[in-house]
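In my numbering, the protein residues as written are 1 to 536.
Glycine included, C-beta positions come from ideal geometry on N, C-alpha and C.
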(Lines of atoms letter the chains of each structure in order from A and count residues from 1; the text may use other names and numbers.)
(Lines give C-alpha, C1' and ligand atoms only; values in the text may rest on other atoms or scores of the structure.)
Protein backbone atom coordinates (compact mmCIF):
# COMPACT_ATOMS: atom_id res chain seq x y z
CA UNK A 1 0.00 0.00 0.00
CA UNK A 2 1.43 3.42 -0.90
CA UNK A 3 2.35 5.73 1.96
CA UNK A 4 -0.24 8.47 2.44
CA UNK A 5 0.46 12.09 3.28
CA UNK A 6 0.00 12.03 7.05
CA UNK A 7 -0.91 15.73 7.12
CA UNK A 8 -4.15 14.84 5.34
CA UNK A 9 -4.92 11.52 7.07
CA UNK A 10 -7.98 11.81 9.35
CA UNK A 11 -7.31 11.33 13.03
CA UNK A 12 -9.61 8.31 13.11
CA UNK A 13 -7.46 6.55 10.48
CA UNK A 14 -4.29 7.29 12.45
CA UNK A 15 -5.79 5.81 15.61
CA UNK A 16 -7.05 2.77 13.70
CA UNK A 17 -3.53 2.13 12.38
CA UNK A 18 -2.13 2.58 15.90
CA UNK A 19 -4.52 -0.01 17.35
CA UNK A 20 -3.61 -2.46 14.57
CA UNK A 21 0.11 -2.01 15.24
CA UNK A 22 -0.42 -2.49 18.95
CA UNK A 23 -2.23 -5.79 18.40
CA UNK A 24 0.51 -6.96 16.05
CA UNK A 25 3.64 -5.90 17.94
CA UNK A 26 2.57 -5.06 21.50
CA UNK A 27 3.45 -8.54 22.80
CA UNK A 28 7.15 -8.24 21.97
CA UNK A 29 9.58 -8.15 24.89
CA UNK A 30 11.25 -4.99 23.58
CA UNK A 31 7.96 -3.07 23.14
CA UNK A 32 7.64 0.03 25.34
CA UNK A 33 4.86 2.03 23.70
CA UNK A 34 3.14 3.25 20.59
CA UNK A 35 1.91 6.72 19.67
CA UNK A 36 1.10 9.22 16.96
CA UNK A 37 3.73 11.92 16.86
CA UNK A 38 6.43 13.80 15.01
CA UNK A 39 9.11 12.01 13.02
CA UNK A 40 12.68 12.61 14.12
CA UNK A 41 15.66 12.48 11.75
CA UNK A 42 19.26 12.71 12.97
CA UNK A 43 18.10 14.08 16.33
CA UNK A 44 15.93 16.81 14.82
CA UNK A 45 12.13 16.99 14.84
CA UNK A 46 10.36 17.31 11.50
CA UNK A 47 6.83 18.45 10.67
CA UNK A 48 5.82 14.97 9.49
CA UNK A 49 3.26 13.11 11.63
CA UNK A 50 3.77 9.36 11.76
CA UNK A 51 3.03 6.23 13.75
CA UNK A 52 5.83 5.49 16.21
CA UNK A 53 6.71 2.29 18.06
CA UNK A 54 8.83 2.74 21.18
CA UNK A 55 11.33 0.02 22.08
CA UNK A 56 13.61 -0.61 25.07
CA UNK A 57 16.68 -0.43 22.88
CA UNK A 58 16.87 0.47 19.22
CA UNK A 59 19.05 -1.95 17.24
CA UNK A 60 20.51 -1.75 13.77
CA UNK A 61 18.95 -3.85 10.97
CA UNK A 62 21.94 -6.19 10.98
CA UNK A 63 21.20 -7.20 14.60
CA UNK A 64 17.49 -7.94 14.13
CA UNK A 65 16.21 -11.29 12.81
CA UNK A 66 14.21 -10.98 9.60
CA UNK A 67 11.06 -12.15 11.39
CA UNK A 68 11.33 -9.27 13.86
CA UNK A 69 11.88 -6.42 11.40
CA UNK A 70 8.99 -3.94 11.47
CA UNK A 71 7.32 -2.69 8.27
CA UNK A 72 7.85 0.88 7.06
CA UNK A 73 4.09 1.61 7.02
CA UNK A 74 0.78 0.29 8.30
CA UNK A 75 -2.38 0.94 6.27
CA UNK A 76 -0.56 3.69 4.41
CA UNK A 77 0.65 5.43 7.59
CA UNK A 78 4.42 5.84 7.97
CA UNK A 79 5.86 3.75 10.82
CA UNK A 80 8.95 4.85 12.73
CA UNK A 81 10.86 3.18 15.59
CA UNK A 82 12.27 5.21 18.48
CA UNK A 83 14.04 4.35 21.72
CA UNK A 84 11.84 4.60 24.79
CA UNK A 85 13.03 2.98 28.03
CA UNK A 86 10.63 4.73 30.43
CA UNK A 87 10.33 4.55 34.19
CA UNK A 88 8.83 6.43 37.19
CA UNK A 89 10.65 9.50 38.53
CA UNK A 90 10.59 9.21 42.31
CA UNK A 91 13.05 11.02 44.57
CA UNK A 92 14.43 10.83 48.10
CA UNK A 93 14.28 14.45 49.20
CA UNK A 94 13.32 17.83 47.67
CA UNK A 95 16.02 18.74 45.18
CA UNK A 96 18.84 21.21 45.58
CA UNK A 97 17.18 23.59 43.11
CA UNK A 98 14.77 24.76 45.79
CA UNK A 99 14.92 28.24 47.23
CA UNK A 100 16.75 28.55 50.53
CA UNK A 101 13.49 28.94 52.42
CA UNK A 102 11.47 26.21 50.74
CA UNK A 103 12.73 23.46 53.04
CA UNK A 104 10.51 24.85 55.82
CA UNK A 105 7.26 23.11 56.59
CA UNK A 106 4.55 24.61 54.34
CA UNK A 107 1.59 26.28 56.08
CA UNK A 108 -0.82 25.14 53.33
CA UNK A 109 -1.23 22.07 51.17
CA UNK A 110 -1.12 23.04 47.51
CA UNK A 111 -0.23 21.57 44.12
CA UNK A 112 3.45 21.23 43.28
CA UNK A 113 4.66 20.43 46.81
CA UNK A 114 6.67 17.30 47.52
CA UNK A 115 4.52 14.44 48.82
CA UNK A 116 4.65 10.74 49.45
CA UNK A 117 4.13 7.85 51.83
CA UNK A 118 5.74 7.72 55.25
CA UNK A 119 9.31 6.47 55.04
CA UNK A 120 9.24 5.98 51.24
CA UNK A 121 10.37 7.88 48.17
CA UNK A 122 8.64 11.12 47.27
CA UNK A 123 6.92 12.64 44.26
CA UNK A 124 4.83 15.77 43.78
CA UNK A 125 1.25 16.88 44.37
CA UNK A 126 -0.23 17.31 40.91
CA UNK A 127 -3.47 19.16 41.58
CA UNK A 128 -5.81 20.10 44.39
CA UNK A 129 -9.11 18.34 43.74
CA UNK A 130 -12.58 17.78 45.18
CA UNK A 131 -14.03 14.32 45.72
CA UNK A 132 -17.33 14.35 43.80
CA UNK A 133 -18.72 11.61 46.04
CA UNK A 134 -18.17 13.47 49.33
CA UNK A 135 -17.36 17.09 48.42
CA UNK A 136 -14.13 16.93 50.44
CA UNK A 137 -10.81 18.38 49.22
CA UNK A 138 -7.71 16.33 48.58
CA UNK A 139 -4.46 15.76 46.69
CA UNK A 140 -4.05 14.19 43.25
CA UNK A 141 -0.75 12.52 42.37
CA UNK A 142 0.56 9.25 40.93
CA UNK A 143 -0.31 5.75 42.09
CA UNK A 144 3.38 4.99 42.61
CA UNK A 145 3.73 8.14 44.77
CA UNK A 146 0.72 7.91 47.12
CA UNK A 147 -0.16 4.21 46.94
CA UNK A 148 2.39 1.76 45.58
CA UNK A 149 2.59 -1.98 46.19
CA UNK A 150 1.83 -1.73 49.93
CA UNK A 151 -1.21 0.54 49.71
CA UNK A 152 -4.22 0.29 51.99
CA UNK A 153 -7.17 2.64 52.18
CA UNK A 154 -6.60 5.45 54.73
CA UNK A 155 -2.81 5.11 54.65
CA UNK A 156 -1.18 8.40 55.77
CA UNK A 157 0.07 10.76 53.06
CA UNK A 158 2.84 13.18 53.94
CA UNK A 159 4.15 16.57 52.81
CA UNK A 160 7.74 15.99 53.93
CA UNK A 161 9.96 18.79 55.16
CA UNK A 162 13.59 18.62 54.00
CA UNK A 163 14.81 19.28 57.52
CA UNK A 164 12.99 16.23 58.91
CA UNK A 165 15.09 13.27 60.01
CA UNK A 166 12.77 10.36 59.42
CA UNK A 167 9.03 10.35 60.15
CA UNK A 168 7.53 13.52 61.61
CA UNK A 169 3.81 13.32 62.55
CA UNK A 170 3.39 16.99 61.59
CA UNK A 171 3.96 16.02 57.94
CA UNK A 172 0.78 13.90 57.90
CA UNK A 173 -1.78 15.92 55.89
CA UNK A 174 -4.06 13.41 54.11
CA UNK A 175 -5.36 9.86 53.94
CA UNK A 176 -5.21 7.67 50.84
CA UNK A 177 -8.69 6.97 49.46
CA UNK A 178 -8.68 5.81 45.81
CA UNK A 179 -6.21 4.92 43.08
CA UNK A 180 -5.88 3.59 39.54
CA UNK A 181 -3.02 1.92 37.65
CA UNK A 182 -4.05 0.96 34.14
CA UNK A 183 -4.80 2.35 30.70
CA UNK A 184 -6.67 5.35 32.13
CA UNK A 185 -3.67 6.47 34.17
CA UNK A 186 -1.18 6.16 37.01
CA UNK A 187 -2.97 8.18 39.70
CA UNK A 188 -4.17 8.25 43.30
CA UNK A 189 -6.34 10.51 45.45
CA UNK A 190 -5.73 11.35 49.12
CA UNK A 191 -8.35 13.19 51.16
CA UNK A 192 -7.05 16.04 53.31
CA UNK A 193 -7.33 15.74 57.08
CA UNK A 194 -10.17 17.89 58.47
CA UNK A 195 -7.73 20.31 60.13
CA UNK A 196 -5.33 20.67 57.17
CA UNK A 197 -5.26 24.18 55.59
CA UNK A 198 -5.09 24.21 51.79
CA UNK A 199 -5.15 26.52 48.79
CA UNK A 200 -6.24 25.74 45.20
CA UNK A 201 -2.93 27.08 43.85
CA UNK A 202 0.21 25.79 42.13
CA UNK A 203 3.43 26.11 44.11
CA UNK A 204 5.86 28.55 42.52
CA UNK A 205 3.48 30.28 40.10
CA UNK A 206 0.65 30.49 42.68
CA UNK A 207 -1.90 30.28 39.88
CA UNK A 208 -5.28 28.65 40.31
CA UNK A 209 -5.93 25.74 37.94
CA UNK A 210 -9.67 25.19 37.69
CA UNK A 211 -10.09 23.68 34.20
CA UNK A 212 -8.83 20.57 32.42
CA UNK A 213 -8.94 19.40 28.81
CA UNK A 214 -7.41 16.76 26.49
CA UNK A 215 -3.92 17.27 25.10
CA UNK A 216 -3.15 18.71 21.67
CA UNK A 217 -0.16 17.49 19.66
CA UNK A 218 2.54 20.14 19.37
CA UNK A 219 1.35 22.45 22.16
CA UNK A 220 3.73 23.82 24.80
CA UNK A 221 3.15 22.85 28.43
CA UNK A 222 4.78 23.88 31.70
CA UNK A 223 5.40 21.93 34.89
CA UNK A 224 6.23 23.47 38.27
CA UNK A 225 7.28 21.50 41.33
CA UNK A 226 8.95 22.14 44.66
CA UNK A 227 11.55 19.54 43.72
CA UNK A 228 12.81 20.91 40.40
CA UNK A 229 11.24 24.32 39.76
CA UNK A 230 9.62 25.13 36.41
CA UNK A 231 10.26 23.43 33.08
CA UNK A 232 8.75 23.79 29.59
CA UNK A 233 8.21 21.10 26.98
CA UNK A 234 6.39 20.44 23.73
CA UNK A 235 3.93 17.58 23.27
CA UNK A 236 5.73 15.24 20.88
CA UNK A 237 3.32 12.31 20.71
CA UNK A 238 0.00 10.87 21.92
CA UNK A 239 -0.59 7.20 22.56
CA UNK A 240 0.15 4.37 24.97
CA UNK A 241 3.31 3.75 27.01
CA UNK A 242 4.52 0.66 28.86
CA UNK A 243 6.23 0.94 32.26
CA UNK A 244 7.45 -1.65 34.73
CA UNK A 245 5.89 -1.37 38.21
CA UNK A 246 6.18 -3.17 41.52
CA UNK A 247 2.47 -3.94 41.85
CA UNK A 248 2.83 -6.06 45.02
CA UNK A 249 5.80 -6.37 47.36
CA UNK A 250 8.48 -8.10 45.31
CA UNK A 251 6.22 -8.60 42.27
CA UNK A 252 6.99 -6.56 39.12
CA UNK A 253 4.76 -6.31 36.06
CA UNK A 254 4.36 -4.07 33.01
CA UNK A 255 1.37 -1.76 32.65
CA UNK A 256 0.18 0.01 29.48
CA UNK A 257 -0.93 3.58 30.22
CA UNK A 258 -2.53 6.02 27.80
CA UNK A 259 -1.10 9.52 27.70
CA UNK A 260 1.40 11.66 25.83
CA UNK A 261 5.13 12.20 25.45
CA UNK A 262 6.93 15.51 25.88
CA UNK A 263 10.36 16.73 24.82
CA UNK A 264 12.23 19.71 26.19
CA UNK A 265 12.04 22.81 24.03
CA UNK A 266 15.83 22.86 23.87
CA UNK A 267 16.24 19.11 23.58
CA UNK A 268 18.98 19.50 20.95
CA UNK A 269 21.18 21.66 23.18
CA UNK A 270 20.75 20.40 26.76
CA UNK A 271 23.36 18.13 28.34
CA UNK A 272 21.25 16.93 31.28
CA UNK A 273 17.52 16.22 31.60
CA UNK A 274 15.29 19.12 32.63
CA UNK A 275 11.71 17.87 32.08
CA UNK A 276 11.85 14.64 34.09
CA UNK A 277 13.85 14.76 37.30
CA UNK A 278 13.76 12.61 40.43
CA UNK A 279 10.84 13.54 42.66
CA UNK A 280 8.64 14.98 39.92
CA UNK A 281 6.26 12.04 39.55
CA UNK A 282 2.71 13.30 39.94
CA UNK A 283 3.39 16.92 38.97
CA UNK A 284 0.86 18.53 36.62
CA UNK A 285 1.56 19.64 33.07
CA UNK A 286 -0.30 22.90 32.39
CA UNK A 287 -1.07 24.68 29.11
CA UNK A 288 1.24 27.66 28.78
CA UNK A 289 -1.41 29.64 26.88
CA UNK A 290 -4.72 28.78 28.56
CA UNK A 291 -3.59 27.67 32.03
CA UNK A 292 -5.64 24.45 31.80
CA UNK A 293 -4.53 21.17 33.35
CA UNK A 294 -3.51 18.66 30.68
CA UNK A 295 -1.57 15.78 32.22
CA UNK A 296 0.02 14.14 35.26
CA UNK A 297 3.74 13.48 34.91
CA UNK A 298 4.43 9.83 35.68
CA UNK A 299 7.69 8.86 33.99
CA UNK A 300 10.78 9.78 32.06
CA UNK A 301 13.45 8.30 29.83
CA UNK A 302 15.64 5.90 31.82
CA UNK A 303 18.11 5.22 29.01
CA UNK A 304 21.87 5.76 29.37
CA UNK A 305 21.86 8.82 27.10
CA UNK A 306 21.98 11.87 29.42
CA UNK A 307 20.69 14.10 26.64
CA UNK A 308 17.42 12.16 26.33
CA UNK A 309 15.23 14.89 27.77
CA UNK A 310 11.82 13.24 27.53
CA UNK A 311 8.81 12.85 29.82
CA UNK A 312 5.51 11.00 29.69
CA UNK A 313 2.22 11.98 31.29
CA UNK A 314 -1.25 10.50 31.64
CA UNK A 315 -4.36 12.46 30.70
CA UNK A 316 -5.85 14.53 33.53
CA UNK A 317 -9.37 14.28 32.12
CA UNK A 318 -9.24 10.46 32.13
CA UNK A 319 -7.88 10.37 35.68
CA UNK A 320 -10.51 12.77 37.01
CA UNK A 321 -13.32 10.75 35.42
CA UNK A 322 -11.99 7.42 36.67
CA UNK A 323 -11.43 8.60 40.26
CA UNK A 324 -14.63 10.70 40.40
CA UNK A 325 -12.82 13.97 41.06
CA UNK A 326 -12.92 17.56 39.85
CA UNK A 327 -10.46 20.42 40.16
CA UNK A 328 -10.70 22.50 43.33
CA UNK A 329 -11.42 26.23 43.13
CA UNK A 330 -11.54 29.19 45.49
CA UNK A 331 -15.32 28.78 45.51
CA UNK A 332 -14.78 25.36 47.09
CA UNK A 333 -12.43 26.87 49.66
CA UNK A 334 -14.94 29.58 50.54
CA UNK A 335 -17.72 27.01 50.78
CA UNK A 336 -15.60 24.91 53.14
CA UNK A 337 -14.81 28.02 55.16
CA UNK A 338 -18.47 28.94 55.49
CA UNK A 339 -19.10 25.47 56.91
CA UNK A 340 -16.26 25.82 59.40
CA UNK A 341 -14.33 22.96 57.82
CA UNK A 342 -11.20 24.82 56.71
CA UNK A 343 -10.15 26.52 59.94
CA UNK A 344 -7.83 24.29 61.93
CA UNK A 345 -8.35 23.57 65.61
CA UNK A 346 -5.39 25.75 66.48
CA UNK A 347 -6.80 28.58 64.36
CA UNK A 348 -10.10 28.30 66.22
CA UNK A 349 -8.23 28.28 69.53
CA UNK A 350 -6.46 31.51 68.59
CA UNK A 351 -9.80 33.31 68.83
CA UNK A 352 -9.41 33.06 72.62
CA UNK A 353 -6.26 35.14 72.67
CA UNK A 354 -5.92 38.86 72.15
CA UNK A 355 -2.48 40.32 71.61
CA UNK A 356 -1.76 43.64 73.31
CA UNK A 357 -0.03 44.88 70.17
CA UNK A 358 -0.33 43.96 66.48
CA UNK A 359 1.96 41.26 65.07
CA UNK A 360 5.29 42.69 64.01
CA UNK A 361 6.17 40.43 61.12
CA UNK A 362 4.86 37.75 58.81
CA UNK A 363 6.37 34.31 58.36
CA UNK A 364 9.69 34.61 56.53
CA UNK A 365 10.60 30.95 56.24
CA UNK A 366 8.15 29.97 53.50
CA UNK A 367 7.52 31.47 50.04
CA UNK A 368 3.74 31.62 50.45
CA UNK A 369 1.41 33.83 48.35
CA UNK A 370 0.73 37.29 49.67
CA UNK A 371 -3.00 37.96 49.62
CA UNK A 372 -5.82 38.76 52.00
CA UNK A 373 -5.14 35.68 54.15
CA UNK A 374 -2.11 36.83 56.14
CA UNK A 375 0.21 34.47 58.02
CA UNK A 376 1.29 35.87 61.37
CA UNK A 377 4.20 34.73 63.50
CA UNK A 378 2.19 35.58 66.63
CA UNK A 379 -1.46 35.21 67.53
CA UNK A 380 -3.92 37.25 65.45
CA UNK A 381 -6.36 39.41 67.34
CA UNK A 382 -10.02 38.46 67.51
CA UNK A 383 -10.90 41.34 65.18
CA UNK A 384 -8.35 40.24 62.59
CA UNK A 385 -9.55 36.65 62.75
CA UNK A 386 -13.21 37.54 62.28
CA UNK A 387 -12.48 39.97 59.43
CA UNK A 388 -10.44 37.59 57.29
CA UNK A 389 -12.44 35.84 54.56
CA UNK A 390 -9.90 32.98 54.52
CA UNK A 391 -8.24 30.90 57.24
CA UNK A 392 -4.94 32.11 58.61
CA UNK A 393 -1.91 29.97 59.29
CA UNK A 394 -2.01 28.09 62.56
CA UNK A 395 -0.03 30.09 65.13
CA UNK A 396 2.27 28.42 67.62
CA UNK A 397 0.86 28.24 71.13
CA UNK A 398 3.76 26.78 73.04
CA UNK A 399 4.89 29.22 75.75
CA UNK A 400 7.27 29.01 78.66
CA UNK A 401 5.37 28.76 81.92
CA UNK A 402 5.97 31.91 84.03
CA UNK A 403 8.00 31.26 87.14
CA UNK A 404 5.65 33.34 89.29
CA UNK A 405 2.68 31.01 88.81
CA UNK A 406 0.86 30.49 92.11
CA UNK A 407 -2.33 28.60 91.35
CA UNK A 408 -4.90 27.62 88.67
CA UNK A 409 -7.29 30.49 89.40
CA UNK A 410 -6.15 32.65 86.51
CA UNK A 411 -4.13 35.27 88.41
CA UNK A 412 -1.30 36.63 86.25
CA UNK A 413 -0.90 33.45 84.26
CA UNK A 414 0.04 35.05 80.91
CA UNK A 415 2.56 37.67 79.85
CA UNK A 416 1.28 41.23 80.14
CA UNK A 417 0.62 41.62 76.41
CA UNK A 418 -1.54 38.47 76.08
CA UNK A 419 -4.94 38.37 77.79
CA UNK A 420 -7.17 35.28 78.03
CA UNK A 421 -10.64 35.91 76.66
CA UNK A 422 -13.59 33.69 77.54
CA UNK A 423 -15.91 33.65 74.53
CA UNK A 424 -18.23 31.30 76.37
CA UNK A 425 -19.83 34.15 78.32
CA UNK A 426 -21.57 35.77 75.29
CA UNK A 427 -22.54 32.35 73.97
CA UNK A 428 -24.29 31.58 77.26
CA UNK A 429 -22.55 28.30 77.92
CA UNK A 430 -20.38 28.98 80.95
CA UNK A 431 -21.56 31.09 83.86
CA UNK A 432 -19.72 32.48 86.80
CA UNK A 433 -19.32 31.02 89.33
CA UNK A 434 -18.71 27.49 87.92
CA UNK A 435 -21.36 25.97 90.22
CA UNK A 436 -24.06 27.50 88.02
CA UNK A 437 -23.31 25.36 84.96
CA UNK A 438 -26.36 23.95 83.20
CA UNK A 439 -27.06 20.38 84.19
CA UNK A 440 -29.03 19.21 81.12
CA UNK A 441 -27.36 16.63 78.90
CA UNK A 442 -27.72 18.87 75.83
CA UNK A 443 -26.00 21.76 77.62
CA UNK A 444 -23.20 19.48 78.82
CA UNK A 445 -22.75 18.14 75.30
CA UNK A 446 -22.56 21.69 73.95
CA UNK A 447 -20.01 22.80 76.55
CA UNK A 448 -17.81 19.79 75.80
CA UNK A 449 -17.99 19.96 71.99
CA UNK A 450 -17.65 23.75 71.70
CA UNK A 451 -15.47 24.71 74.66
CA UNK A 452 -13.66 22.08 76.71
CA UNK A 453 -12.53 19.96 73.76
CA UNK A 454 -11.61 22.49 71.02
CA UNK A 455 -10.37 25.24 73.32
CA UNK A 456 -8.62 23.33 76.09
CA UNK A 457 -8.02 19.58 75.89
CA UNK A 458 -7.31 19.27 72.14
CA UNK A 459 -4.72 22.10 72.01
CA UNK A 460 -3.10 20.75 75.19
CA UNK A 461 -2.72 17.37 73.47
CA UNK A 462 -1.17 19.01 70.40
CA UNK A 463 1.32 20.88 72.58
CA UNK A 464 2.27 17.60 74.22
CA UNK A 465 2.79 15.69 70.97
CA UNK A 466 1.94 16.62 67.33
CA UNK A 467 0.89 13.00 66.76
CA UNK A 468 -2.47 14.02 68.25
CA UNK A 469 -3.17 16.02 65.06
CA UNK A 470 -6.65 15.10 63.79
CA UNK A 471 -7.72 13.09 66.85
CA UNK A 472 -11.50 12.89 67.20
CA UNK A 473 -13.58 13.55 70.29
CA UNK A 474 -15.13 10.07 70.17
CA UNK A 475 -11.82 8.29 69.54
CA UNK A 476 -10.61 5.79 72.13
CA UNK A 477 -7.72 6.98 74.28
CA UNK A 478 -5.78 3.76 73.82
CA UNK A 479 -5.26 4.46 70.11
CA UNK A 480 -2.60 7.09 70.83
CA UNK A 481 -1.97 7.59 74.55
CA UNK A 482 -0.71 4.11 75.45
CA UNK A 483 2.41 4.57 73.35
CA UNK A 484 3.06 7.99 74.90
CA UNK A 485 2.45 7.26 78.58
CA UNK A 486 3.47 3.84 79.88
CA UNK A 487 2.52 5.04 83.39
CA UNK A 488 -1.13 4.86 82.46
CA UNK A 489 -3.81 6.85 80.74
CA UNK A 490 -5.22 8.34 83.94
CA UNK A 491 -1.81 9.58 85.08
CA UNK A 492 -1.10 10.98 81.63
CA UNK A 493 -4.33 12.99 81.53
CA UNK A 494 -3.84 14.41 85.02
CA UNK A 495 -0.27 15.42 84.29
CA UNK A 496 -1.22 16.91 80.92
CA UNK A 497 -4.05 19.06 82.30
CA UNK A 498 -2.16 20.20 85.40
CA UNK A 499 0.79 21.32 83.31
CA UNK A 500 -0.97 22.97 80.36
CA UNK A 501 -1.54 26.69 79.99
CA UNK A 502 -4.70 25.93 78.03
CA UNK A 503 -6.48 25.12 81.32
CA UNK A 504 -5.35 28.27 83.14
CA UNK A 505 -7.85 30.95 84.00
CA UNK A 506 -11.01 28.79 83.98
CA UNK A 507 -11.08 28.01 87.71
CA UNK A 508 -9.88 24.42 87.44
CA UNK A 509 -7.98 23.16 90.49
CA UNK A 510 -5.26 20.55 90.37
CA UNK A 511 -6.52 17.13 89.24
CA UNK A 512 -5.38 13.66 90.33
CA UNK A 513 -4.95 10.43 88.44
CA UNK A 514 -7.95 9.03 90.31
CA UNK A 515 -10.16 11.62 88.59
CA UNK A 516 -9.68 9.78 85.26
CA UNK A 517 -9.91 6.13 86.29
CA UNK A 518 -12.10 4.24 83.81
CA UNK A 519 -12.02 6.93 81.10
CA UNK A 520 -12.05 5.32 77.65
CA UNK A 521 -12.62 8.19 75.16
CA UNK A 522 -11.66 11.84 74.88
CA UNK A 523 -15.31 12.78 75.38
CA UNK A 524 -15.33 10.93 78.71
CA UNK A 525 -12.16 12.80 79.69
CA UNK A 526 -13.97 16.06 78.93
CA UNK A 527 -16.89 14.87 81.09
CA UNK A 528 -14.51 14.41 84.03
CA UNK A 529 -13.04 17.87 83.50
CA UNK A 530 -16.52 19.41 83.42
CA UNK A 531 -17.47 17.51 86.58
CA UNK A 532 -14.35 18.81 88.32
CA UNK A 533 -15.27 22.36 87.34
CA UNK A 534 -18.80 21.96 88.69
CA UNK A 535 -17.72 20.61 92.07
CA UNK A 536 -15.10 23.23 92.87
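Applying the 10 Å Cβ sphere with the 16-neighbour rule, what's the burial state of residue i?
{"i": "residue 516", "result": "buried"}
{"i": "residue 88", "result": "buried"}
{"i": "residue 353", "result": "With a pLDDT of 38 at residue 353, under the threshold of 50, the modelled position of that residue is not reliable, and the figure given next carries that caveat. That one is buried."}
{"i": "residue 47", "result": "exposed"}
{"i": "residue 330", "result": "exposed"}
{"i": "residue 125", "result": "buried"}
{"i": "residue 62", "result": "exposed"}
{"i": "residue 535", "result": "exposed"}
{"i": "residue 101", "result": "Note on residue 101: pLDDT 43, under 50, position unreliable in the model; no value is reported."}
{"i": "residue 57", "result": "exposed"}
{"i": "residue 264", "result": "buried"}
{"i": "residue 66", "result": "exposed"}
{"i": "residue 371", "result": "The predicted model places residue 371 with a pLDDT of 31, which falls under 50 and marks its position as unreliable; any figure quoted below should be read in that light. Answer is exposed; the Cβ neighbour count stays below 16."}
{"i": "residue 445", "result": "exposed"}
{"i": "residue 528", "result": "buried"}
{"i": "residue 8", "result": "exposed"}
{"i": "residue 479", "result": "exposed"}
{"i": "residue 41", "result": "exposed"}
{"i": "residue 336", "result": "buried"}
{"i": "residue 290", "result": "exposed"}
{"i": "residue 300", "result": "buried"}
{"i": "residue 19", "result": "exposed"}
{"i": "residue 334", "result": "exposed"}
{"i": "residue 28", "result": "exposed"}
{"i": "residue 12", "result": "exposed"}
{"i": "residue 17", "result": "buried"}
{"i": "residue 24", "result": "exposed"}
{"i": "residue 231", "result": "buried"}
Which whole-angstrom value describes the C-beta separation of residue i and residue j, a residue pair presumed to lie in contact below a C-beta threshold of 8 Å?
{"i": "residue 74", "j": "residue 51", "result": "6 Å"}
{"i": "residue 293", "j": "residue 275", "result": "Between residue 275 and residue 293 the Cβ distance is about 17 Å, and since that is not below 8 Å, they are no contact."}
{"i": "residue 497", "j": "residue 520", "result": "About 17 Å separates the two Cβ atoms, so there is no contact after all."}
{"i": "residue 35", "j": "residue 261", "result": "6 Å"}
{"i": "residue 203", "j": "residue 110", "result": "6 Å"}
{"i": "residue 477", "j": "residue 468", "result": "In fact, because the Cβ distance is near 11 Å, the residues do not count as touching under 8 Å."}
{"i": "residue 332", "j": "residue 130", "result": "5 Å"}
{"i": "residue 286", "j": "residue 220", "result": "At roughly 10 Å, the Cβ-Cβ gap does not stay under 8 Å, so residue 286 and residue 220 are not in contact."}
{"i": "residue 313", "j": "residue 259", "result": "5 Å"}
{"i": "residue 14", "j": "residue 77", "result": "6 Å"}
{"i": "residue 26", "j": "residue 54", "result": "At roughly 11 Å, the Cβ-Cβ gap does not stay under 8 Å, so residue 26 and residue 54 are not in contact."}
{"i": "residue 513", "j": "residue 531", "result": "Rounded, the Cβ-Cβ distance is 15 Å, inconsistent with contact."}
Out of the options, which one is the CA nearest neighbour of residue i?
{"i": "residue 216", "options": "239, 200, 127", "result": "239"}
{"i": "residue 279", "options": "219, 327, 122, 490", "result": "122"}
{"i": "residue 132", "options": "141, 109, 177, 107", "result": "177"}
{"i": "residue 249", "options": "173, 259, 147, 327", "result": "147"}
{"i": "residue 174", "options": "188, 192, 160, 281", "result": "192"}
{"i": "residue 236", "options": "502, 472, 524, 37", "result": "37"}
{"i": "residue 197", "options": "18, 170, 456", "result": "170"}
{"i": "residue 140", "options": "150, 160, 113, 149", "result": "113"}
{"i": "residue 246", "options": "531, 149, 233, 43", "result": "149"}
{"i": "residue 85", "options": "243, 214, 10, 21", "result": "243"}
{"i": "residue 188", "options": "506, 509, 325", "result": "325"}
{"i": "residue 489", "options": "318, 525, 10, 310", "result": "525"}
{"i": "residue 214", "options": "319, 223, 533", "result": "319"}
{"i": "residue 190", "options": "20, 18, 22, 323", "result": "323"}
{"i": "residue 172", "options": "105, 533, 300, 29", "result": "105"}
{"i": "residue 454", "options": "491, 309, 502", "result": "502"}
{"i": "residue 223", "options": "491, 311, 510, 473", "result": "311"}
{"i": "residue 551", "options": "481, 513, 297, 500", "result": "For residue 551 there is no data in the structure shown, the boundaries of the chain being 1 and 536."}
{"i": "residue 228", "options": "282, 120, 234, 495", "result": "282"}
{"i": "residue 500", "options": "230, 456, 443, 447", "result": "456"}
{"i": "residue 71", "options": "504, 523, 21, 450", "result": "21"}
{"i": "residue 83", "options": "49, 107, 118, 39", "result": "39"}
{"i": "residue 116", "options": "143, 194, 201, 108", "result": "143"}
{"i": "residue 447", "options": "533, 518, 44, 234", "result": "533"}
{"i": "residue 474", "options": "10, 466, 458", "result": "458"}
{"i": "residue 90", "options": "45, 231, 64, 302", "result": "302"}
{"i": "residue 108", "options": "295, 200, 452", "result": "200"}
Three or more C-beta pairs below 8 Å linking the stretch 149–156 and the stretch 124–140: Because the criterion of three Cβ pairs below 8 Å is not met, the stretch 149–156 and the stretch 124–140 do not touch.
Cβ pair count under 8 Å reaching 3, the stretch 180–200 against the stretch 246–262: As far as the Cβ criterion goes, the stretch 180–200 touches the stretch 246–262, which means the pair count is three or higher.
Segments of 3+ residues assigned as beta strand (DSSP E) that fall wholly inside the stretch 106–132: Whole beta strand (DSSP E) segments, 3+ residues: 109–111, 114–117, 122–124, 127–131.
Segments of 4+ residues assigned as alpha helix (DSSP H) that fall wholly inside the stretch 135–194: Counting only runs of 4 or more, we get 143–146.
Beta strand (DSSP E) runs contained entirely in the stretch 222–283, provided each spans 3 or more residues: The DSSP assignment places complete beta strand (DSSP E) segments of no fewer than 3 residues inside the stretch 222–283 at 229–248, 251–264, in order along the chain.
Every unbroken beta strand (DSSP E) inside the stretch 21–104 [3 residues or more]: Fully enclosed beta strand (DSSP E) runs of 3 or longer: 31–41, 44–55, 77–83.
Every unbroken alpha helix (DSSP H) inside the stretch 449–527 [4 residues or more]: Within the stretch 449–527, the complete alpha helix (DSSP H) runs of at least 4 residues are 458–464, 481–484, 489–499.
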